[in-house]
Amino acid sequence: MPMTLDMTATVDGDIAGSIAIDSEDLGTGDAHLRWFITDDRLRGSGAGRDLLTRAVRFCDEQKLPAIQLWTFAGLDAARHLYERLGFTLTEEFSGSQWGTTVIEQRFTRRRPS
Numbered sequence: 000m001p002m003t004l005d006m007t008a009t010v011d012g013d014i015a016g017s018i019a020i021d022s023e024d025l026g027t028g029d030a031h032l033r034w035f036i037t038d039d040r041l042r043g044s045g046a047g048r049d050l051l052t053r054a055v056r057f058c059d060e061q062k063l064p065a066i067q068l069w070t071f072a073g074l075d076a077a078r079h080l081y082e083r084l085g086f087t088l089t090e091e092f093s094g095s096q097w098g099t100t101v102i103e104q105r106f107t108r109r110r111p112s
């Protein structure tokens, strides 16, 4: 059965962070971290870490085999957070996004046994 999770973080009643995960579109039963973003007002507050930790916990509780996400090289703070929560780089290639060449990266976190 497909699972979805959407969570937000707020500052003064305004949405300042969001994360969404689903287990439908990859076709493998793996969770897909569709987006994870925080406003500069949350940077360094731990709110992003909390959102991602809660999302990973949700996937583990649902016994989803893995979580996959796509990102770009150079987003070092996000990569550090992903790796801290058990994600590893599983694919990397040069691509074009928004008229610029970027290094696209896929990270995967397998559910612990």
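The sequence shown begins at 0 in numbering that gives the first Met the number 0 and counts up one residue at a time.
Glycine included, each C-beta is placed from N, C-alpha and C at the ideal position.
{"query": "Between which residues of its own chain and ARG42 is the CB-CB distance below 8 Å, once the five residues before and five after are set aside?", "result": "ALA76"}
{"query": "Kindly indicate which three-state DSSP category ASP38 falls into: helix, strand or coil?", "result": "coil"}
{"query": "Suppose only complete runs of 3+ residues qualify. What are the beta strand (DSSP E) ranges in the region 30-86, listed by chain order?", "result": "30-37 and 65-71"}
{"query": "Buried or exposed for ARG56, going by 16 or more other Cβ atoms inside 10 Å?", "result": "exposed"}
{"query": "Can you give me the start and stop residues for the beta strand (DSSP E) that GLU103 sits inside?", "result": "99-109"}
{"query": "With a threshold of 8 Å, are at least 3 pairs of Cβ atoms found where one atom belongs to the region 66-73 and the other to the region 100-108?", "result": "yes"}
{"query": "Answer yes or no: do PHE35 and ILE18 have a C-beta to C-beta separation smaller than 8 Å?", "result": "yes"}
{"query": "Let's see if you can read the secondary structure: which residues bound the beta strand (DSSP E) around ASP5?", "result": "3-10"}
{"query": "Determine the burial state of GLY12: buried for a count of at least 16 other Cβ atoms within 10 Å of its Cβ, exposed for fewer.", "result": "exposed"}
{"query": "Evaluate GLY94 with the Cβ neighbour count: other Cβ atoms within 10 Å of its Cβ, from every protein chain shown; 16 or more gives buried, anything less gives exposed.", "result": "exposed"}
{"query": "Under 8 Å by Cβ, that's how I've got GLY28 and PRO64 pegged, so tell me the actual separation to the nearest angstrom.", "result": "6 Å"}
{"query": "Look up LEU88 in the DSSP assignment and say whether it is helix, strand or coil.", "result": "strand"}
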